[in-house]
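Following: one structure in structure tokens, then a few remarks.
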Amino acid sequence: MTPRERVQQALTFQDTDIVPYQVEFTNEAHGKLAKYLGDIDFHTRIGNHLALLSTRQRGKWEEITPGHWRDEWGVVWNRTVDKDIGVVDDYLLKGGELTGWAPPAINLPGMAEMYSSFVKGRAEEFRIVTIGFSLFERAWSLRGMAALLEDMIVSPEFVHQLLDRVMEWNLAQVDLAVKYDIDAIYFGDDWGSQKGIIMGPRLWREFIKPRVARQYEAVRRAGKYVVIHSCGDVKEILPDLVEVGLNVFNPFQPEVMDVFETKKRYYGKLSFYGGISLQHLLPHGSPDEVRAETRKLLKELGRGGGYIAAPSHSVPPDVPPENLVALIETLQGQ
Numbered sequence: 131m132t133p134r135e136r137v138q139q140a141l142t143f144q145d146t147d148i149v150p151y152q153v154e155f156t157n158e159a160h161g162k163l164a165k166y167l168g169d170i171d172f173h174t175r176i177g178n179h180l181a182l183l184s185t186r187q188r189g190k191w192e193e194i195t196p197g198h199w200r201d202e203w204g205v206v207w208n209r210t211v212d213k214d215i216g217v218v219d220d221y222l223l224k225g226g227e228l229t230g231w232a233p234p235a236i237n238l239p240g241m242a243e244m245y246s247s248f249v250k251g252r253a254e255e256f257r258i259v260t261i262g263f264s265l266f267e268r269a270w271s272l273r274g275m276a277a278l279l280e281d282m283i284v285s286p287e288f289v290h291q292l293l294d295r296v297m298e299w300n301l302a303q304v305d306l307a308v309k310y311d312i313d314a315i316y317f318g319d320d321w322g323s324q325k326g327i328i329m330g331p332r333l334w335r336e337f338i339k340p341r342v343a344r345q346y347e348a349v350r351r352a353g354k355y356v357v358i359h360s361c362g363d364v365k366e367i368l369p370d371l372v373e374v375g376l377n378v379f380n381p382f383q384p385e386v387m388d389v390f391e392t393k394k395r396y397y398g399k400l401s402f403y404g405g406i407s408l409q410h411l412l413p414h415g416s417p418d419e420v421r422a423e424t425r426k427l428l429k430e431l432g433r434g435g436g437y438i439a440a441p442s443h444s445v446p447p448d449v450p451p452e453n454l455v456a457l458i459e460t461l462q463g464q
């Protein structure tokens with residue numbers, strides 16, 4: 131069974147020979163483990179099941195000063211500390227209006243070439259196109275989170291207009307991507323904090339739900355799977371996500387939801403991807419504890435399909451390399 135076949139079988143809620151898995155790293159964590167192993171290419175031998183391609187357009191990110199990068203939307207990210215994402219230097223939509231602003235143009239020939247290249251030679255992997263900062267996150271990166279949350283109360287029409295423009299850009303990306311032999315579209319959009327939904331469920335349902343419903347419907351209409359990455363405690367809206375057609379939820383943080391009960395509750399309706407603790411187990415556990423907990427997750431969550439095993443985010447640099455070796459060996463040794 132190929133990794134692609136294994137993931138497809140798991141997402142149709144069937145047992146697989148082994149539980150499909152994926153381990154991703156931040157740049158710093160990758161460098162630390164490569165040094166520990168003496169192998170810069172160790173990630174190519176993990177046995178990951180997913181091939182991921184970002185819709186970020188080639189050549190559109192520009193380093194304007196050392197450590198400061200302008201993305202294709204015109205947002206400048208300070209990456210002098212956090213070298214993977216960074217923090218926004220300044221916000222473009224300070225005045226709370228859209229006059230003179232529009233989403234970036236999509237380089238259709240360039241994107242088509244990127245997708246064609248991506249699918250070649252990956253017949254055995256489950257192929258996912260990722261649209262990061264796909265709605266709420268893109269809006270706050272342009273406006274500022276505090277300002278955007280205030281706008282939801284005092285200037286709702288502005289928020290609707292801004293989110294519509296972001297959504298239409300996403301839909302154009304989806305329409306292009308699904309023409310190729312991919313398996314899924316993965317939307318990144320953090321809605322949760324450690325204690326609940328950032329804007330609350332009522333405002334999420336007003337501003338976010340109708341637009342993700344349109345995005346998901348476009349993906350499902352093309353016969354592809356829909357994946358969402360949303361950090362934090364968003365279990366209150368899992369029924370809404372099932373309603374609008376979500377197939378796979380990530381990162382499935384065990385610190386904010388009971389992963390065993392949640393898998394049981396949504397079995398046959400929603401698959402889960404993640405679940406291995408990055409707040410407690412991996413940074414603070416022993417290698418033996420990592421092995422034991424990973425085996426438990428593989429056995430209990432993997433039973434009957436509906437699960438892709440993974441850390442609950444890209445591995446950060448505070449995880450000891452011994453624990454990462456224990457994790458990878460356990461995943462490989464199923």
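If you count the sequence shown from 1, you need to add 130 to reach our numbering.
Every residue gets a Cβ at the ideal spot worked out from N, C-alpha and C, and that includes glycine.
Here the structure is a predicted model, which means the values were calculated and not measured.
First through last residue of the alpha helix (DSSP H) which encompasses residue i
i    : result
W203 : Neither: W203 is in no alpha helix (DSSP H) and is coded neither H nor E.
S271 : F266 to R273
A456 : P451 to Q462
R139 : As written in the sequence, residue 139 is Gln, which differs from the Arg given in the question. Looking at the DSSP string, the run of the alpha helix (DSSP H) that includes Q139 is P133 to A140.
A307 : P286 to A307
D370 : L368 to E373
H160 : N157 to L167
K394 : V389 to Y396
A343 : K339 to R351
Endpoints, the beta strand (DSSP E) within which residue i is located
i    : result
V149 : First-last for V149: undefined, no H or E at that position.
R257 : F256 to I261
I438 : Y437 to P441
S184 : L180 to S184
Reference residue i; option with closest CA among the options
i    : options                   : result
W231 : N237, G434, F248 and L222 : L222
V259 : L182, V356, L371 and E385 : L182
M297 : V205, E336, A269 and I358 : A269
H359 : W207, D294, H443 and H198 : H443
L400 : I148, S246 and L376       : L376
S184 : E459, Y245, W203 and T460 : Y245
V308 : Q462, V349, R341 and G404 : V349
D147 : Y437, P451 and D448       : Y437
R252 : D311, E287 and L167       : D311
Y403 : V356, P239 and S323       : V356
G177 : L272, G204, L333 and M131 : M131
S416 : E373, A456 and R351       : A456
E202 : S271, G226 and T156       : S271
K213 : D418, K224 and P196       : P196
M282 : I338, G204, W299 and G240 : I338
V137 : G330, E254 and D319       : E254
L371 : V386, K393, Q383 and R335 : R335
R175 : R186, Q152, W199 and N157 : Q152
Q383 : N157, V284 and P441       : P441
D319 : A302, R332, L306 and R341 : R341
R433 : Q464, I315 and N157       : Q464
V386 : L301, I458, H410 and G398 : H410
M275 : G226, F143 and F248       : G226
R351 : I406, I327, I315 and D171 : I315
L333 : E459, H290, R421 and D418 : H290
G398 : F143, E135, R134 and F248 : F143
Where residue i falls, given that 16 or more other Cβ within 10 Å makes a residue buried
i    : result
D313 : buried
R395 : exposed
W321 : buried
L141 : buried
H179 : buried
D448 : exposed
A439 : buried
N453 : buried
V364 : buried
S264 : buried
K162 : buried
P234 : exposed
T210 : exposed
L427 : buried
N300 : buried
Rounded distance between the beta-carbons of residue j and residue i, thought under 8 Å
i    : j    : result
V304 : Q345 : 7 Å
L292 : L228 : 6 Å
L408 : P451 : With a Cβ gap of about 15 Å, L408 and P451 do not count as contacting.
F317 : I261 : 5 Å
V374 : A343 : 4 Å
D219 : H198 : 6 Å
Sheet register partners of residue i (DSSP bridge)
i    : result
N208 : H198 and V217
S323 : G326
H359 : G318 and N380
I406 : P441
E193 : W199
F248 : Per DSSP, none; premise fails for F248.
S416 : S416 is not bridged to any residue.
Short CB-CB distance (under 8 Å) between residue i and chain D
i    : result
Y403 : In the structure shown, chain D cannot be found, because there is only a single protein chain.
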